[in-house]
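K.L.:
Okay, handing you the structure first.
Residue numbers (the working numbering), protein chains in the order written: chain G, 557 to 779; chain U, 9 to 597.
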């Protein structure tokens, strides 16, 4: 599309005409379309959770705890704020990279490499969930509960366990999903059709879960 | 590798092997549609009975000893929730969406039949959980269908122990079921259309269901989140929605939550929900009107864009349900503005329906009667919406029967009339048999006139200031004696309308049992579902070859053409002209 087309108002109606034409014109495999739709719908779930968080943070009468103190770890005699969460975020973002590599090798139908990169991605995901378990147990041992919080507003505990728990469930499901698909690829279930789209679809889900984490990290830990 | 549409791949067809795979664990969209429809109507009958019980109490207070205030609030709550979510949403999208989408776009099935089957079974589970709440200690929740906290989970409200939890669980399961179905509907419309079926050739039924499903996928998450958070408040003792307060003389163990947050989340779901129900109704009624008036739908493109515009606007009007909630009053300005803007695309639709009838060759069949009845009730309910959309007018009316009358006209009666129109219209295709015309007409006139007998006086009662949600009015100065008499009259009308619904069920069962065998295309309609090789359509819908579409779905009474309708799937060369030598010009659509 050239610049004159964009300036031309008739271009808009052409755009509508293109998109409303037969489905063969813009063929998207249905699995991919369905995953995109699901992710948009899921975005609304996380958005509602985060809006709820922003709202109760304003309505609660107790002071909101200071995240870098609550999420600090004592390591080698140093008090390091947010160190665990920094490592967790790094692990999850790295897993997005390995997932992208798996999708790349899916284009080449390189079964061996797809399999291993998906397994590595799943391992990173499992590591993330493991570290989350550690984080939860540390906070629980310090007395943080969904209904109570020694550092300040009880809503801090409520939201923390609810949102990170909901995200952790997403990561865990993603790990299972990755392992199931990786196993099917190793067994050669897709050899006959030569269609490795499922890797990309799994990748969409995985990147989404990582992206959601970036928002949770920014809203909950950094602010 | 050549592209093969998913619906054409032989390995995608799950041919039923036995009775169980054919009728119970079926992956066929038509069977799933009937399962959805049957379940929705069954639970809807429960809600109808509850409304009759409510009316008995309101019309004749102090007469029925078996209805105490607790029961009454439980009836109100369950009636509202069942009608809005478990009947209307499920029947329009799960029932008609499932049945019509593949048939009207020329697909063999939904793109992911297994997920479609799961969708139904999760829906059934949610209905069973909901029904189970009638049998737990304390009974179902009586918090009002909006389930507002804090009272929904505070001791003293009916069902605050177990009933509310089952309600929240049931809603969460319903959202999961809807999401599985909804992903299928949208993807099927986008990716499984047959050759020639462009988006702008789709029947409006598909457009309405398509946009409504997108709304559902974006709106139900808010309901899911609010259900989860309220369940946590109740089970874990969190305080998302619960402020510090004194209840029954003791301070509750909550502090710092925001009840208004729940209202915002609930209505962010709740308002689009109105259009999740209304848009499929708009679509279905457009097809019924056009077919039986033998006229192309007036302004097809505007009808499509109006559906899309209403869908978009429905996400930015939710707080008009909350003018009296105590939210920031400046919000009211914005939300009144957006609310009234919705009147524009809605009015476009109403004018277009009326103009479709203009100079049409109207056939007064039973579905047509219901469809025209819908135009009346919808205009009526829409006009009272203009009053309630304005903040200053809404404030005195908000907690009166005026609101009850308004939303029952616009969201209760209107979609239900369309449901009946659609059931009568597609009954010959679904069952292969004709219904009884005479019984259908009795059903229509009883229902249509009866609803006016119920809801017109209710507007007046509301304007008098009679408050809604009250178990009994008692004696107060501002409520005149005539209001009590009207209430009794409304109850009598409601009993008659409820009784007349029996005629509908008799008609359905009688016709299924020994109805006349239906013509494959009894209404001489153009859309694809009337041109299947078998009636009712077999598994796979189309036999060996998918249909090819050459035009839009509204080619009625085309000048120069011999028949007064041209099906979508007839090639231009096969259209028979009136005179020799005429060249058939294909419609622009």
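Glycine is no exception: its CB is placed at the ideal position from the N, C-alpha and C atoms.
I'd like to check one pair, residue 117 of chain U with residue 203 of chain U: are the Cβ atoms closer than 8 Å?
P.N.:
Not closer than 8 Å, so no.
K.L.:
Would you mind listing the alpha helix (DSSP H) stretches within the region 47–111 of chain U that are 4+ residues and don't spill past its ends, in chain order?
P.N.:
Here the runs fully enclosed are 77–89.
K.L.:
Taking 8 Å as the CB-CB cut-off, is residue 59 of chain U touching chain G?
P.N.:
Chain G contact via Cβ: absent.
K.L.:
Going by DSSP in three states, residue 525 of chain U sits in which element: helix, strand or coil?
P.N.:
Strand.
K.L.:
What's the C-alpha gap between residue 562 of chain G and residue 467 of chain U?
P.N.:
Confidence in residue 562 of chain G is poor, its pLDDT being 49 and thus under 50, which makes the residue's placement too unreliable to answer from.
K.L.:
State the Cα-Cα distance for the pair residue 625 of chain G and residue 170 of chain U, rounded to the nearest angstrom.
P.N.:
One C-alpha to the other measures close to 39 Å.
K.L.:
Applying a beta-carbon distance threshold of less than 9 Å, which residues of chain U neighbour residue 757 of chain G?
P.N.:
Chain U residues near residue 757 of chain G: none, gap ~12 Å exceeds 9 Å.
K.L.:
Could you list which residues in chain A have their beta carbon closer than 8 Å to that of residue 330 of chain U, in chain order?
P.N.:
Any reference to chain A falls outside this structure, whose protein chains are G and U.
K.L.:
Compare the C-beta of residue 578 of chain G against all C-beta atoms of chain U and say whether one is closer than 8 Å.
P.N.:
True, the Cβ-Cβ gap to chain U drops below 8 Å.
K.L.:
Answer yes or no: does any C-beta atom of chain G fall closer than 8 Å to that of residue 266 of chain U?
P.N.:
Cβ-Cβ to chain G under 8 Å: yes for residue 266 of chain U.
K.L.:
In the region 633–718 of chain G, which residue ranges form an unbroken alpha helix (DSSP H) of at least 4 residues, counting only runs that do not cross its ends?
P.N.:
Counting only runs of 4 or more, we get 639–663, 667–697.
K.L.:
Considering only residues of the same chain and omitting the five flanking positions on each side of residue 770 of chain G, which have a CB-CB separation below 6 Å?
P.N.:
The answer is none, since no qualifying residue turns up.
K.L.:
Could you name the residues that DSSP lists as bridge partners for residue 408 of chain U?
P.N.:
Note: residue 408 of chain U sits in a beta bridge opposite U:475.
K.L.:
Between the region 603–615 of chain G and chain U, which residues of the former have a C-beta closer than 7 Å to a C-beta of the latter?
P.N.:
Taking 7 Å as the Cβ-Cβ cut-off against chain U, the residues of the region 603–615 of chain G that qualify are 604, 605, 608, 611, 612, 615.
K.L.:
Rounding to the nearest angstrom, what Cα-Cα distance links residue 598 of chain U and residue 51 of chain U in this structure?
P.N.:
Shown here, chain U extends from 9 to 597; a query on residue 598 of chain U therefore has no answer.
K.L.:
Let's see if you can read the secondary structure: which residues bound the beta strand (DSSP E) around residue 629 of chain G?
P.N.:
Note, residue 629 of chain G: beta strand (DSSP E), 628–631.
K.L.:
With DSSP run on the structure shown, which of helix, strand or coil describes residue 441 of chain U?
P.N.:
Of the three classes helix, strand and coil, the one that applies to residue 441 of chain U here is strand, per DSSP.
K.L.:
Just to confirm, are residue 183 of chain U and residue 231 of chain U a CB contact at a threshold of 8 Å?
P.N.:
In this structure, residue 231 of chain U lies closer than 8 Å to residue 183 of chain U by Cβ.
K.L.:
Which same chain residues, not among the five before or five after residue 700 of chain G, have their C-beta less than 6 Å away from its C-beta?
P.N.:
Once the five neighbours on either side are set aside, the close Cβ partners of residue 700 of chain G are 713.
K.L.:
Rank U:156, U:446, U:207 by C-alpha distance to the C-alpha of residue 267 of chain U and give the top, closest one.
P.N.:
Considering only alpha carbons, the answer is U:156.
K.L.:
Kindly give me the distance between the Cβ atoms of residue 427 of chain U and residue 108 of chain U, rounded to whole angstroms, as I take these residues to be in contact under 8 Å.
P.N.:
Rounded, the Cβ-Cβ distance is 13 Å, inconsistent with contact.
K.L.:
Going by CA-CA distance only, name the one from U:507, U:250, U:257 that's closest to residue 263 of chain U.
P.N.:
Of U:507, U:250, U:257, the residue nearest in Cα terms is U:250.
K.L.:
Under DSSP, the alpha helix (DSSP H) around residue 140 of chain U begins and ends at which residues?
P.N.:
Per DSSP, residue 140 of chain U belongs to the alpha helix (DSSP H) from 121–140.
K.L.:
Give me the Cα-Cα distance between residue 316 of chain U and residue 96 of chain U, rounded to the nearest whole angstrom.
P.N.:
Taking the straight line joining both Cα atoms gives about 20 Å.
K.L.:
What are the residues in the region 235–247 of chain U lying within 9 Å of chain G by C-beta distance?
P.N.:
Listed in sequence order: 236, 237, 240, 241, 244, 245, 246, 247.
K.L.:
With 8 Å set as the bound, which would you pick, yes or no: does the beta-carbon of residue 116 of chain U sit closer than that to a beta-carbon of chain G?
P.N.:
Not an interface residue.
K.L.:
Quick check on DSSP: helix, strand or coil for residue 254 of chain U?
P.N.:
Looking at residue 254 of chain U - three-state DSSP - the assignment turns out to be strand.
K.L.:
Whose C-alpha, out of U:450, U:532, U:363, U:550, is nearest the C-alpha of residue 511 of chain U?
P.N.:
Checking every option, the nearest Cα to that of residue 511 of chain U belongs to U:450.
K.L.:
Can you list, in chain order, the residues of the region 201–218 of chain U whose Cβ is nearer than 8 Å to any Cβ on chain G?
P.N.:
Answer set for the region 201–218 of chain U: 201, 203, 204, 205, 206, 207, 208.
K.L.:
Where residue 274 of chain U and residue 442 of chain U are concerned, what is the direct C-alpha to C-alpha distance, given to the nearest angstrom?
P.N.:
Cα-Cα distance, rounded: 42 Å.
K.L.:
At the 8 Å Cβ level, is residue 662 of chain G part of the contact set with chain U, yes or no?
P.N.:
Chain U, which has no Cβ nearer than 8 Å to the Cβ of residue 662 of chain G, makes this no.
K.L.:
Distance cutoff 8 Å, beta carbons only. Does residue 709 of chain G sit that close to anything in chain U?
P.N.:
Yes, because at least one Cβ of chain U sits closer than 8 Å to the Cβ of residue 709 of chain G.
K.L.:
Give the residues of chain U in contact with residue 618 of chain G, contact being defined as C-beta atoms less than 9 Å apart.
P.N.:
In chain order: 263, 264.
K.L.:
What in chain G is Cβ-close to residue 269 of chain U, meaning under 9 Å?
P.N.:
Per Cβ cutoff of 9 Å: 607, 608, 611, 612, 615.
K.L.:
How is the alpha helix (DSSP H) around residue 237 of chain U delimited, first residue to last?
P.N.:
Note, residue 237 of chain U: alpha helix (DSSP H), 212–243.
K.L.:
Quick check: what's the CA-CA separation for residue 243 of chain U versus residue 237 of chain U?
P.N.:
Cα to Cα, residue 243 of chain U sits roughly 10 Å from residue 237 of chain U.
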